[in-house]
Amino acid sequence: MARPTIRIPKPQSQQTKELREQRLAVLSEKRAKGTKLTLEDMDDKLNLILELIKEIRR
Numbered sequence: 102m103a104r105p106t107i108r109i110p111k112p113q114s115q116q117t118k119e120l121r122e123q124r125l126a127v128l129s130e131k132r133a134k135g136t137k138l139t140l141e142d143m144d145d146k147l148n149l150i151l152e153l154i155k156e157i158r159r
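The opening position of the sequence shown corresponds to residue 102 in our numbering, with each subsequent residue numbered one higher.
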């Protein structure tokens with residue numbers, strides 16, 4: 102029987118964390134102003150969600 106693999110989460114670089122926080126800040130600011138999101142904003146939002154899902158699965 103195959104042995105289960107143990108996944109060790111990769112430590113995220115400080116730069117990656119800062120970029121994520123900046124993108125979240127921009128989206129939050131637009132939401133607070135009531136500005137409509139552009140396609141790029143929506144893409145950013147989806148990518149952030151996917152990144153979080155990948156982290157949770159690790």
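Positions of the beta carbon are idealized from the N, C-alpha and C atoms, including for glycine.
Treat the numbers as computed from the prediction; the structure is a model and nothing was measured.
Rounded separation between residue i and residue j - CA only
| i | j | result |
| --- | --- | --- |
| residue 138 | residue 150 | 16 Å |
| residue 152 | residue 134 | 25 Å |
| residue 136 | residue 115 | 29 Å |
| residue 142 | residue 128 | 7 Å |
| residue 124 | residue 140 | 14 Å |
| residue 132 | residue 126 | 10 Å |
| residue 159 | residue 130 | 30 Å |
| residue 156 | residue 118 | 12 Å |
Start-to-end residues for the alpha helix (DSSP H) that takes in residue i
| i | result |
| --- | --- |
| residue 117 | 115-134 |
| residue 138 | Unbroken run through residue 138: none, as it is neither H nor E. |
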